[in-house]
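Colleague: So for the sequence shown, the working numbering puts the first residue at 720; every next one is plus one.
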Amino acid sequence: MPEKTFTLSVVVPAYNEGPVLPEFHRRLSAVMDAMPCAWEVLYVNDGSTDDTLEVLYQLREQHVAIIDLSRNFGKEVALTAGLDHTKGDAVVVIDADLQDPPEVIPELIEKWQEGYDIVYARRKARDGETFFKKLSAKSFYRVIQSVSRVKIPADTGDFRLLSRRAVNALSRLREQHRFMKGLFAWIGYPQTAVYYHREPRFAGQSKWNYWLLWNFALEGITSFSTIPLKMATYAGLCTALGAFSYALFVIYKTIAYGDPVQGYPSLMVVILFLGGVQLMATGIIGEYLGRMFNETKRRPLYFIQKFESSHLHAAEDQFQPSADQASQERTV
Ligand code: UDP
Ligand code: MG
């Protein structure tokens, strides 16, 4: 066995992943045991309704930490809960469903050792996904690239490696609306990609449907850009200018040709059009306002029902959530 030169934490959010976890853990352990590092894996049970938690307790050994959240908080928050409790010099974030192959981890580590803080795994092909899903993903990345100053890499999930300082930076972003891909990009630091082949799910079902994906896209755009608000302003400006020229035209027509009562259809069109534009603008404002409402409550991100630590020893200078934060977030 080579000498252990660094420590690594692996964070795995799990929501109803009972059938996959034993196989996942077997493959992960095989990869990690071959690495010259001390390691731990943090499974975050995100309020699963199946036997995920029991399966996790069966898998429990010295490398395994289990965080059992008080209910389902969603993947982004589950990830955050995991990250907050990592002890390693570097942290890998990976899905439990084996779509992200653990065998890629050594490559991520190699890049980290070259000095990159964030090494994200970019997929070469999207197997097991429909044409429409691929198309919508592509358009989403195109839109978000063009409306946001933060460069969010396309074709990457959350599968990536973070250095300790990147994890510490991320842990200071406590917003409720957590578009993780955006947050990873926002913190900056040297970032690079490693390519891998994304496989179809090993078992179980994806929790995503098109409505959720649409909302996810909205989350991404509203969290990282205020351009939609500006668009409303310009749409208003354009219609006002149009209305003004049209008014001039109507005045001229009345003066030149008199005013027989006419024009019901055009009136209806204008009213409906303006009504539509106004509602849309209000809706856009509403999207932002709603998010502000949620943020201003400043609720803790999650509560933990039970936390079982791994046997990995923390490095000396590592981050601990501040006493105040920890007491807010732990209910054990
Ligand atoms: N997940 C979670 N909480 C949720 C939904 C999903 O922790 O509310 C986890 C899930 O167990 C998996 C990862 O997030 O490990 C990715 O979920 P999924 O495979 O459904 O997403 P996809 O791969 O289709 O993007
Ligand atoms: Mg998946």
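Cβ coordinates follow ideal geometry from the N, Cα and C atoms, glycine included.
Remember, it's a predicted structure, so these values are computed and weren't measured experimentally.
Indicate whether V812 and F878 have their beta-carbon atoms separated by less than 8 Å.
Modeller: The answer is yes: Cβ separation under 8 Å.
Colleague: Going along the chain, which unbroken runs of the alpha helix (DSSP H) with 4 or more residues stay wholly within the stretch 754-829?
Modeller: Taking only runs of at least 4 residues, the alpha helix (DSSP H) segments lying wholly in the stretch 754-829 are 771-778 and 794-803.
Colleague: Thinking I906 and L889 are a contact (beta carbons under 8 Å), I'd like their distance in whole angstroms, please.
Modeller: Between L889 and I906 the Cβ distance is about 6 Å, and since that is below 8 Å, they are a contact.
Colleague: Nearest to S882 by CA position, among S855, D836 and S858, is which residue?
Modeller: Closest option to S882, Cα to Cα, is D836.
Colleague: Would you say the beta carbon of G864 comes nearer than 7 Å to a heavy atom of the ligand MG?
Modeller: Just to set this straight, residue 864 is Gln in the shown sequence, not Gly. Not under cutoff, so the answer is no.
Colleague: If you follow the beta strand (DSSP E) that R917 is in, where does it begin and where does it stop?
Modeller: Where R917 is concerned, the enclosing beta strand (DSSP E) stretches over Q910 to R917.
Colleague: Which value, in whole angstroms, describes the spacing of the CA atoms of R917 and T945?
Modeller: Taking the straight line from one Cα to the other gives about 33 Å.
Colleague: Could you tell me if the beta carbon of E742 falls within a distance shorter than 7 Å of some heavy atom in the ligand UDP?
Modeller: Outside the cutoff, so no.
Colleague: Looking at the ligand MG, does it come within less than 7 Å of D1057, judged from the CB to the closest heavy atom?
Modeller: No information on residue 1057 is available, as it lies outside the stretch 720 to 1051 that the chain covers here.
Colleague: Could you check where the alpha helix (DSSP H) with Q895 kicks off and where it finishes?
Modeller: Counting along the chain, Q895 falls outside any alpha helix (DSSP H), and DSSP gives it neither H nor E.
Colleague: Got a sec: does the ligand MG put a non-hydrogen atom nearer than 7 Å to the Cβ of D816?
Modeller: Result yes, Cβ under 7 Å from the ligand MG.
Colleague: Taking all protein chains shown into account, do 16 or more other C-beta atoms lie within 10 angstroms of the C-beta of D703, making it buried, or fewer, making it exposed?
Modeller: Any property of residue 703 remains undetermined from this structure, which presents the chain solely from 720 to 1051.
Colleague: Please confirm whether L948 and I1003 have their CB atoms less than 8 Å apart.
Modeller: It is a contact, given that the beta carbons lie within the stated cut-off.
Colleague: Is P732 near the ligand UDP, in the sense that its beta carbon is under 7 Å from a heavy atom of that ligand?
Modeller: Yes, the Cβ of P732 comes within 7 Å of a heavy atom of the ligand UDP.
Colleague: Would G901 and D819 qualify as a contact pair, given that the criterion is a beta-carbon distance under 8 Å?
Modeller: No, the pair does not count as a contact, with Cβ atoms beyond the cut-off.
Colleague: Compute the Euclidean distance between the alpha carbons of S767 and V774, then round it to the nearest angstrom.
Modeller: The alpha-carbon atoms of S767 and V774 are separated by roughly 11 Å.
Colleague: If you draw a straight line from the C-alpha of V750 to the C-alpha of E822, how long is it?
Modeller: Roughly 6 Å between the two C-alpha positions.
Colleague: Looking only at its chain, what residues have a beta carbon closer than 6 Å to the beta carbon of Q1024, apart from the 5 residues adjacent to it on each side?
Modeller: These residues qualify, in order along the chain: D787 and S789.
Colleague: Taking buried to mean at least 16 other C-beta atoms within 10 Å of its own C-beta, is G1005 buried or exposed?
Modeller: Exposed, since its Cβ has fewer than 16 Cβ neighbours within 10 Å.
Colleague: Output yes or no for whether 8 Å exceeds the beta carbon distance between R842 and Y915.
Modeller: Contact: yes.
Colleague: Kindly indicate which residue of L817, M754 and F1012 has the alpha-carbon position closest to the one of E829.
Modeller: Selected option, being the one with the closest Cα: M754.
Colleague: Consider the C-beta atom of D765 and the heavy atoms of the ligand UDP; say whether any pair is separated by less than 7 Å.
Modeller: For the ligand UDP, at least one heavy atom lies less than 7 Å from the Cβ of D765.
Colleague: Is W831 closer than 8 Å to L798 when the C-beta atoms are compared?
Modeller: Taking 8 Å as the Cβ cut-off, L798 and W831 do not qualify as a contacting pair.
Colleague: Who are the Cβ neighbours of L993 in its own chain at under 7 Å, not counting the five residues just before and after it?
Modeller: Once the five neighbours on either side are set aside, the close Cβ partners of L993 are T958.
Colleague: With P741 as the anchor, note down where its alpha helix (DSSP H) starts and where it stops.
Modeller: First-last of the alpha helix (DSSP H) with P741: L740 to D752.
Colleague: Could you work out which residue in F898, Q910 and L747 is closest to R884 when comparing CA atoms only?
Modeller: Selected option, being the one with the closest Cα: Q910.
Colleague: Would you mind working out which of F1012, V796, P738 and A800 sits nearest D816, comparing C-alpha positions?
Modeller: For D816, the nearest C-alpha among the options comes from P738.
Colleague: Comparing the CB of E918 with every heavy atom of the ligand UDP, is any distance shorter than 7 Å?
Modeller: The answer is no for E918.
Colleague: From Q1053 to F943, what distance separates their C-alpha atoms?
Modeller: Past the boundaries of the shown model lies residue 1053; the chain is included only from 720 to 1051, so the question cannot be answered.
Colleague: Tell me, which residues are paired with F725 by DSSP?
Modeller: F725 is bridged to C756.
Colleague: Is the beta carbon of M899 sitting closer than 8 Å to the one on E795?
Modeller: The answer is yes: Cβ separation under 8 Å.
Colleague: Considering only the alpha carbon of each residue, which of M1011, L827 and T771 lies closest to V913?
Modeller: Among M1011, L827 and T771, the Cα nearest to that of V913 belongs to L827.
Colleague: Determine the closest residue to S858 out of I940, F903 and R893, with distance taken between C-alpha atoms.
Modeller: Nearest C-alpha to S858: I940.
Colleague: Of the residues D874, N764, L778 and A954, which one's Cα is nearest the Cα of K852?
Modeller: If we check each option's Cα against that of K852, D874 comes out closest.
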